[in-house]
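Notes for the one structure printed next.
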Amino acid sequence: MSELRADLAIISEWIEPGSRVLDLGCGDGALLKYLQEERGVSGYGLEIDPANVVACIRNGVDVIQTDLDAGLNDFDPDSFDYVVMTHTLQAVSYPHRLISEMLRIGRQGIVTFPNFGYWRVRLQLALKGRMPMSGALPHKWYDTPNIRLCTLRDFEALCRQQGIRILERRVLDHAHHEQAFSRLLPNLLGEIAMYRFERAA
Amino acid sequence: MSNTFPADSVGLVVPKTHHFHEPLPLDSGRELPEYQLVYETYGELNQDRSNAILVCHALSGDHHAAGYHSPTDRKPGWWESCIGPGKPIDTNRFFVVSLNNIGGCSGSTGPASINPRTGERYGPDFPIVTVADWVRSQARLADVLGIDCWAAVVGGSLGAMQCLQWAIDYPDRVRHALLIATAPKLSAQNIAFNEVARQAILSDPDFHDGRYLEHGTVPRRGLALARMLGHITYLSDDAMRAKFGREPRGTAGKLSFSFDIDFEVESYLRYQGQSFVERFDANTYLLMTKALDYFDPAAKHNHDLSAALAHVQASFLVVSFTSDWRFAPSRSREIVRALLDGDKDVTYAEIDAPHGHDAFLLPIPAYLDVLQAYLEQVAEEVGA
Numbered sequence: 004m005s006e007l008r009a010d011l012a013i014i015s016e017w018i019e020p021g022s023r024v025l026d027l028g029c030g031d032g033a034l035l036k037y038l039q040e041e042r043g044v045s046g047y048g049l050e051i052d053p054a055n056v057v058a059c060i061r062n063g064v065d066v067i068q069t070d071l072d073a074g075l076n077d078f079d080p081d082s083f084d085y086v087v088m089t090h091t092l093q094a095v096s097y098p099h100r101l102i103s104e105m106l107r108i109g110r111q112g113i114v115t116f117p118n119f120g121y122w123r124v125r126l127q128l129a130l131k132g133r134m135p136m137s138g139a140l141p142h143k144w145y146d147t148p149n150i151r152l153c154t155l156r157d158f159e160a161l162c163r164q165q166g167i168r169i170l171e172r173r174v175l176d177h178a179h180h181e182q183a184f185s186r187l188l189p190n191l192l193g194e195i196a197m198y199r200f201e202r203a204a
Numbered sequence: 604m605s606n607t608f609p610a611d612s613v614g615l616v617v618p619k620t621h622h623f624h625e626p627l628p629l630d631s632g633r634e635l636p637e638y639q640l641v642y643e644t645y646g647e648l649n650q651d652r653s654n655a656i657l658v659c660h661a662l663s664g665d666h667h668a669a670g671y672h673s674p675t676d677r678k679p680g681w682w683e684s685c686i687g688p689g690k691p692i693d694t695n696r697f698f699v700v701s702l703n704n705i706g707g708c709s710g711s712t713g714p715a716s717i718n719p720r721t722g723e724r725y726g727p728d729f730p731i732v733t734v735a736d737w738v739r740s741q742a743r744l745a746d747v748l749g750i751d752c753w754a755a756v757v758g759g760s761l762g763a764m765q766c767l768q769w770a771i772d773y774p775d776r777v778r779h780a781l782l783i784a785t786a787p788k789l790s791a792q793n794i795a796f797n798e799v800a801r802q803a804i805l806s807d808p809d810f811h812d813g814r815y816l817e818h819g820t821v822p823r824r825g826l827a828l829a830r831m832l833g834h835i836t837y838l839s840d841d842a843m844r845a846k847f848g849r850e851p852r853g854t855a856g857k858l859s860f861s862f863d864i865d866f867e868v869e870s871y872l873r874y875q876g877q878s879f880v881e882r883f884d885a886n887t888y889l890l891m892t893k894a895l896d897y898f899d900p901a902a903k904h905n906h907d908l909s910a911a912l913a914h915v916q917a918s919f920l921v922v923s924f925t926s927d928w929r930f931a932p933s934r935s936r937e938i939v940r941a942l943l944d945g946d947k948d949v950t951y952a953e954i955d956a957p958h959g960h961d962a963f964l965l966p967i968p969a970y971l972d973v974l975q976a977y978l979e980q981v982a983e984e985v986g987a
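The listed protein sequences correspond, in order, to chains A and B.
Each residue of the first sequence is one higher than the last, beginning at 4 in the numbering used here.
Each residue of the second sequence is one higher than the last, beginning at 604 in the numbering used here.
What follows is the structure, given as structure tokens:
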């Protein structure tokens, strides 16, 4: 199979073989397909876009066509080991509710999102006075699906507020590569944030 | 001769009939002493007998799902959009079986058949049959055809209920169940519509307690009314508006100030009702609506659908249509939810379509794409 995008490769390392995974906004199902084939993982993808639903079917991934904004009531508490959401958190109406839903359904949550605290983003707003655009945020302000942008510090504050323990954090550039120096000042140098978290006991 | 048909059609088909001499036990406690099933097949059964697909028909359907019975046929089978070479149910890869259910009026044993125990037509004495009874009879047809396990069972509406019943009753004989535009049981509103349809037939003076054939007549008005009512539930409000609006019918747009037809939609419904009478039997219509009303596989499991589906082994594709109000997407989601509860393999697609319940019969690209993608996976899995 083709090489897995770097952020998905990191997620797949975080996920224990043989576990059950729910992927929110699973796109064409690439992550689940990889996890199924390489890690013996089972689970479902949720996706709203019809073309992506067809792509999931072709990838042999069980996909449920769903609007994440309508909630996850069809899923029982603790029915998954991991609930994953890549590059979707910033596009839903109520991220805080969805995060708490993730930990209702799953033992652990994994999210990735574009970091609005990235230095180039800050500079564009500070110096040009324009809404930032970047590799990770390629849309104009008026047609962006990204309606709930946040920084690493924002996300971590929300986790503290919701009683969520962060287990792991990584930052990547927009090509999803890890740069060693980014770790020094992740909220400034990281373009994409990745978190693994659970309910604090 | 076959070159008179479209290249993506199965072309000329000849229905087959199998007579079963062993009695069929029924959920009602009665039995059919003997019966026949009429069916069609398209494509070739492969050496492993692993590429067979069963197509189950809905309320007014029959065995003629694809192709033509004669070169002069005006219309092909009812699911021509989906079955044929290169189509989602690809007859180059699959062996497709489509039958007329018991109680039907297209050649399988039904109310118009002769009861071997009396030598007269069954008429109103034909036993009430259930979805599970149909599935039992279909399993016997599978035995006759040498099909131990279906690659897939496929149906829409009442047809999908048979597919769900298959997965429950014969878990090791179904690899995939494709449930389209359906519900795990009827709502009170669904049953209410069926009851009005039945009352239309039962109260027609020509019904003669179901012995109308002996009286040399048929309850035309009642059956036509039942069909007209049904048609309203098959279309969405938007679809009706788009198709007919308030278009006046005839005389230069002037209202007739009588109870004649004023609007196109009235003309359409009358036509649908009247043409239905020519091809369908009133006793069969009564039976089909009862089978719908009685369908409720969760009932035996304390009304817990997850429990009813606990032992299914099939993988499921569940498809609904946004504008279907007869069996709305939320009804399909009930099935999906029960399957998720049991960690079953399930994929769900909600097709954005304005056509209402009828959408499952229409060549809607997004819908056919989903079926095609899914059935290509099935074909690869079974080596078709």
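Beta carbons are placed, not taken as given, at the ideal position from N, Cα and C, and that holds for glycine.
Excluding residues up to 5 positions away in sequence, G726, P727 and N886 lie with their Cβ nearer than 6 Å to the Cβ of G813 (chain B) in the same chain. Between L943 (chain B) and chain A, the shortest Cβ-Cβ separation is below 8 Å. Taking 8 Å as the cut-off, the beta carbon of H834 (chain B) is found closer than this to the beta carbon of L872 (chain B).
For the pair N703 (chain B) and D746 (chain B), the CB atoms are not nearer than the 8 Å cut-off. Cβ-Cβ distances below 6 Å link A780 (chain B) to V756, C766, A770, A917 and F919 in the same chain, with the five nearest sequence neighbours on each side left out; the list follows chain order. Chain A places a beta carbon closer than 8 Å to that of T950 (chain B), counting this residue as a contact. Using a CB distance cut-off of 8 Å, I67 (chain A) counts as an interface residue toward chain B. Comparing C-alpha distances from L155 (chain A) to each of A:L92, A:M136 and A:A203 shows the shortest one belongs to A:L92. V915 (chain B) places its beta carbon less than 8 Å from that of P774 (chain B). A residue is called buried when at least 16 other Cβ atoms come within 10 angstroms of its Cβ; D26 (chain A) meets this threshold and is buried.
Residue contact with chain A for A885 (chain B): absent (no Cβ-Cβ distance below 8 Å to any residue of chain A). At least 8 Å separates the CB of D907 (chain B) from every CB of chain A. Residues of the region 51-77 of chain A whose Cβ lies closer than 7 Å to any Cβ of chain B, in chain order: P53, V56, V57, I60, R61, G63, D65, V66, I67, Q68 and D77. Of the residues A:Y198, A:R202, A:R125 and A:N62, the one whose Cα lies closest to the Cα of I108 (chain A) is A:R202. Fully enclosed alpha helix (DSSP H) runs of no fewer than 4 residues occupy 734-748 and 761-772 of the region 706-792 of chain B, in order along the chain. Taking C-beta separations shorter than 8 Å and ignoring five residues to either side along the sequence, the partners of G986 (chain B) in its chain run N649, D651, S653 and N654, following chain order. Three or more beta-carbon pairs drawn from the region 191-200 of chain A and the region 114-122 of chain A are found closer than 8 Å, and the two stretches are therefore classed as touching.
Bounds of any beta strand (DSSP E) do not take in Q650 (chain B), whose DSSP letter is neither H nor E. Runs of alpha helix (DSSP H) with 4 or more residues, each lying fully within the region 80-149 of chain A, are found at 98-108 and 122-126, listed in chain order. Shown here, C59 (chain A) sits in a helix according to DSSP, grouped into three states.
Taking the C-beta atoms as reference points, T836 (chain B) is found nearer than 8 Å to F796 (chain B).
The beta carbon of F930 (chain B) sits closer than 6 Å to the beta carbons of A784, T785 and A786 from its chain, once the five residues preceding and following it are set aside; these are given in chain order.
The DSSP assignment places 619-623, 638-645 and 655-659 as complete runs of the beta strand (DSSP E) inside the region 610-681 of chain B, in order along the chain (cut-off: 3 residues). Its chain contains S15, I18 and P20 as the residues whose beta carbon lies nearer than 7 Å to that of R42 (chain A), once the 5 sequence neighbours on both sides are disregarded; these appear in chain order.
Note that the C-beta distance between A913 (chain B) and P900 (chain B) is not below 8 Å. Legend: CB atoms of the region 946-980 of chain B lying less than 8 Å from CB atoms of chain A belong to residues D946, D948, V949, T950, Y951, A952, E953, I954, D955, A969, D972, V973, A976, Y977, E979 and Q980.
Rounded to whole angstroms, K36 (chain A) and A754 (chain B) show a C-alpha spacing of 22 Å. When 9 Å is used as the limit between beta carbons, V939 (chain B) is near these residues of chain A: I67 and D77, in chain order. DSSP, reduced to helix, strand and coil, places R849 (chain B) outside both helices and strands of the structure shown, so it counts as coil. Judged by DSSP secondary structure, R882 (chain B) falls within the alpha helix (DSSP H) whose first and last residues are E867 to R882. Here G687 (chain B) carries a strand assignment [DSSP, helix/strand/coil].
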